[in-house]
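> Protein chains in written order, with the numbering used here: chain L, 1 to 334; chain E, 1 to 357. Cβ atoms here follow ideal geometry from the backbone N, Cα and C, with glycine treated the same way. Following this message is one structure expressed as structure tokens.
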Ligand SMILES: Nc1ncnc2c1ncn2[C@@H]1O[C@H](COP(=O)(O)OP(=O)(O)OP(=O)(O)O)[C@@H](O)[C@H]1O
Ligand SMILES: Nc1ncnc2c1ncn2[C@@H]1O[C@H](COP(=O)(O)OP(=O)(O)OP(=O)(O)O)[C@@H](O)[C@H]1O
Ligand code: SF4
Ligand SMILES: [Mg+2]
Ligand SMILES: [Mg+2]
């Protein structure tokens, strides 16, 4: 199963805010294969959610193409588009906002089943809803069937969002910060449930999170992409990115993370940055957007030329002049 | 009434204890009944130490923090308990303080940085004026004196004093505002600083700055710190001791390494084993099934028993008291010996496998 299910080909998303343009996503390419898990990580505002919305067709990018099983989604006929929208589902960042508060759990799940003609009669409908609630561990099912979203806990609401995404048997799910809002004790079982969908049903995931430890845990068999101010700065298999990061930004991020292990976290090596300020998307630094903060910065190159994503090893690409050996840093940071 | 005037009821406190919380209970009056948000909480805070208060959403962390500075909402009542505070000759039971004494106690003895407060600045006041208003409410100081102290503190929290002191809140990022708040809380040189979720909702690099700032400030100024967090990794990094709360009680309290490497309560252990590390190889995590109890009508016995894999009949009937399970380490679990033996074994095996020794 190595055929791509979804490809973002050099996509750019321009927003106009107070009539000033800014690129929330700037020339990013990303391929997700059938059954594969790709994680997007990066700080708040770097464009993760925008990427997710582009991937599931909720936003048409300003430039670039989005291909679903090889077909440009914005040139699809009605039939292909319907198929695509059914195959690709998003679980939104904010489960409160995306669930209709006046519908019960069973109503929330029956609407898409009906709309897509996936059940023939009431009995089938009931069976399918039971099955979905079982899949996401909202059990005993009878207790949840007639509840409203506000009667569910945060973790249960997340499960309901997942169940709703599953109504249409998707083959690709965009999960946007799906476990970030829930407590640690519940997080693991949610992640495990999502992992089961992937392993049992072969669902591919674009898993968006700002939590690197969660990314590592969920996507250990997959890949991680690191974004910085709308650009992809590093992409590779999860062990490559997490254990052998090459981009100085990825290194800084990983080294900044506190660890839930006192000895480990107190003896961890930290990368220090030259500046704490995240640049404004309206006024990005010329050249490498990370250069004003970068400990490896080389004057004359990094502040003039934007680095391309180049391979450093098999399946591992980095956008950094120094990491890819284009120039040599005067003093290698410790 | 304060017991500052040498009343006989003042118990023996070790010299280095700055605050002794004893049997503190707080509840909220809600429509459905009484929410028992803190129940018989007891602990001593020592001079210069940091205690992390951890636990899941709704377990009573903020309630306890607010009780310590007596800023609970009006639906809340302190049912029973004492909060014995001492600084040199100054001794008082914070539970008994009147409004005027409380005003002196807050900020000057014990300051608090509230949950989400970086978004609650007065938008029309420059930082220097917010600082001046804070100090003015407590003592006579000239604008110049406040400005000078403010600049010193801003430097200590790694902000550019010249730029920040004259800025309006909206000109600063969330992480900068959080550091301004920390600086402001220290204006009156309190002996205790309470921080409610100081790093939550901040990006990792900003979070790192806050952690370093707090560590350095504590070393330089020597205050004691209670910080509330649901993030165990922040506790692992900053705490001398960790207190785990569950359903309104502190169910385990001990030195940070004891709690992380030799936990004696299944809930603390569960929390720790549910969090992955970034460094090192892949590790399996364990989940805690079920959800926290209703605080209006909690289950009998140990409040954790419905979710606990170690529970037996006694757990369903008797609520466990804190057992001494090690040096300075207490855990409220009937089966702590079994729990520890089982889990410590598992954990050290896992750590060894991952090359963490
Ligand atoms: N509809 C919109 N109109 C204008 N600007 C937008 C819009 N949606 C997003 N943005 C901006 O685009 C940038 C990227 O936003 P996005 O939501 O993709 O970031 P993110 O990485 O998901 O952040 P977070 O971690 O905070 O969720 C931000 O600066 C955001 O303010
Ligand atoms: N004003 C109130 N009236 C009634 N119940 C309240 C009130 N404030 C808090 N509670 C309840 O008291 C309990 C403890 O709340 P508290 O805010 O102390 O929890 P917390 O541990 O700080 O949670 P979080 O991690 O979500 O901040 C919760 O069950 C909460 O619903
Ligand atoms: S007392 Fe019993 S139920 Fe409670 S944590 Fe210990 S073993 Fe589990
Ligand atoms: Mg987002
Ligand atoms: Mg709280």
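1. Of the choices 59/L, 86/L and 90/L, whose alpha-carbon is the least far from that of residue 12/L?
2. To test your reading of the DSSP string, which unbroken beta strand (DSSP E) runs of 3 or more residues are found completely within the stretch 169-235 of chain E?
3. Roughly how many whole angstroms lie between the Cα atoms of residue 318/L and residue 288/L?
4. Let me know if residue 77/E comes out buried or exposed under the rule of 16 or more other beta-carbons within 10 Å of its beta-carbon.
5. Should residue 281/L be listed as close to ligand 1, given that the test is whether its C-beta is under 7 Å from any heavy atom?
6. State the start and end residues of the unbroken alpha helix (DSSP H) segment that holds residue 223/L.
7. Could you tell me the alpha carbon to alpha carbon distance between residue 424/E and residue 313/E, rounded to whole angstroms?
8. Judging by CA-CA distance, which residue of 278/L, 194/L and 281/L is the nearest neighbour of residue 219/L?
9. When the cut-off is 8 Å and only beta carbons count, does residue 265/L lie next to chain E?
10. Helix, strand or coil for residue 319/E, going by three-state DSSP, please let me know.
11. Do you know offhand how far residue 162/E's Cα is from residue 350/E's?
12. Do three or more CB pairs link the stretch 83-92 of chain E to the stretch 248-262 of chain E at distances below 8 Å?
13. Classify residue 336/L: buried if its beta carbon has 16 or more other beta carbons within 10 angstroms, exposed otherwise.
14. Measuring only the C-alpha atoms, how far is residue 183/E from residue 159/E?
15. Please report the straight-line C-alpha distance between residue 151/E and residue 131/E, rounded to a whole angstrom.
16. Under a three-way DSSP split, which group does residue 172/L fall into?
17. Throw me the rounded Cβ distance for the residue 158/L and residue 190/L pair, which I believe falls under 8 Å.
18. Confirm the yes/no value for this check: CB of residue 231/E, any heavy atom of ligand 5, distance under 7 Å.
19. Suppose contacts are defined by Cβ-Cβ distances below 8 Å. Is residue 292/E in contact with residue 56/E by that definition?
20. From the DSSP output, in three-state form, read off residue 304/E for me.
21. Is residue 274/E helix, strand or coil by DSSP?
22. Just to confirm the assignment, what range does the alpha helix (DSSP H) spanning residue 258/E have?
23. Within this structure, are the beta carbons of residue 39/E and residue 248/E separated by less than 8 Å?
24. Give a yes or no on whether the minimum CB-CB distance between residue 253/L and chain E is below 8 Å.
25. Determine, using beta carbons only, whether residue 339/E comes closer than 8 Å to chain L.
26. Since residue 38/E is in the alpha helix (DSSP H), which residue starts that stretch and which ends it?
27. Ligand 4 and residue 93/L: does any heavy atom of the ligand fall closer than 7 Å to the residue's C-beta?
28. Starting from residue 216/L, find everything on chain E with Cβ-Cβ shorter than 7 Å and list it in chain order.
29. Under 8 Å, CB to CB, which of the residues in the stretch 198-226 of chain E have a partner in chain L?
30. Please identify, using Cβ separations under 7 Å, the residues of the stretch 119-150 of chain L that lie next to chain E, in order along the chain.
31. Take residue 79/E and list the residues in its own chain whose beta-carbon comes closer than 8 Å to its own, dropping the five residues that flank it on each side.
32. When you compare each of 15/L, 4/L, 22/L and 47/L to residue 66/L by their alpha carbons, which one comes out closest?
33. Against chain E, does residue 333/L count as a neighbour if the rule is that its beta carbon must be under 8 Å from one of theirs?
34. Measure from the C-beta of residue 272/E to each C-beta in chain L and report whether the shortest distance is under 8 Å.
35. Using the rule of at least 16 other Cβ atoms within 10 Å of the residue's Cβ for burial, across every protein chain shown, is residue 236/L buried or exposed?
36. Against residue 285/E, what residues of chain L qualify as contacts under a CB-to-CB distance less than 9 Å, listed in chain order?
If we stick to the structure as given:
1. Closest by C-alpha distance to residue 12/L, out of 59/L, 86/L and 90/L, is 59/L.
2. List check, beta strand (DSSP E) in window: 192-196 and 224-229.
3. Approximately 12 Å, taken between the alpha carbons.
4. So residue 77/E ends up on the exposed side.
5. yes
6. No alpha helix (DSSP H) holds residue 223/L; the beta strand (DSSP E) holding it covers 223-228.
7. Absent from the structure is residue 424/E, since the part of chain E shown begins at 1 and ends at 357.
8. The shortest Cα separation from residue 219/L among 278/L, 194/L and 281/L belongs to 194/L.
9. yes
10. coil
11. 50 Å
12. no
13. The question about residue 336/L has no answer here: the residues shown for chain L are numbered 1 through 334.
14. 10 Å
15. 10 Å
16. strand
17. 6 Å
18. no
19. Contact check for residue 292/E against residue 56/E passes: the beta carbons are separated by less than 8 Å.
20. coil
21. coil
22. 256-261
23. yes
24. yes
25. no
26. Not the alpha helix (DSSP H): residue 38/E falls in the beta strand (DSSP E), residues 33-46.
27. yes
28. Neighbourhood of residue 216/L in chain E, by CB distance below 7 Å: 276 and 278, in chain order.
29. 203, 204, 205, 206, 207, 208, 209 and 211
30. Shown here is that no member of the stretch 119-150 of chain L has a Cβ falling below 7 Å from a Cβ of chain E.
31. 25, 26 and 27
32. 4/L
33. Reliability fails at residue 333/L, whose pLDDT of 46 lies under 50, so the model's placement of it is uncertain and the value that follows must be treated cautiously. No, no contact with chain E.
34. By this cut-off, residue 272/E is an interface position.
35. buried
36. What residue 285/E touches in chain L: 187, 188, 191, 192 and 217.
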